[in-house]
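Student: If you count by the numbering used here, then the sequence shown holds residues 297 to 353, one letter each, in order. All C-beta atoms, glycine included, are put in the ideal place defined by N, C-alpha and C. The following block contains the structure, expressed as structure tokens.
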Amino acid sequence: MSTGPSLKRLAVSGSAWIIAGFGMSQALRLAGNLILTRLLFPEAFGIMALVEMVMRG
Numbered sequence: 297m298s299t300g301p302s303l304k305r306l307a308v309s310g311s312a313w314i315i316a317g318f319g320m321s322q323a324l325r326l327a328g329n330l331i332l333t334r335l336l337f338p339e340a341f342g343i344m345a346l347v348e349m350v351m352r353g
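Structure, rendered in structure tokens:
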């Protein structure tokens with residue numbers, strides 16, 4: 297009998313951390329885009345959005 301956490305528990309915990317990290321990165325990306333929308337004029341924001349889309353896929 298092992299005294300450590302089970303493999304299932306470790307998998308669920310790891311998955312939760314990965315999902316939370318992905319969600320946080322998407323929220324920060326959205327917040328950054330909202331800020332840039334206010335700071336840049338429309339043409340510059342459009343070019344920036346196209347470049348980001350090409351870079352991230």
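Taking the alpha helix (DSSP H) that Pro338 falls in, what are its first and last residues?
Tutor: Pro338 to Arg352
Student: Can you tell me the Cα-Cα spacing of Leu306 and Ala312, whole angstroms?
Tutor: 10 Å
Student: Hey, Met344 and Leu332 are a contact pair by Cβ (cut 8 Å); roughly how many whole angstroms apart?
Tutor: 7 Å
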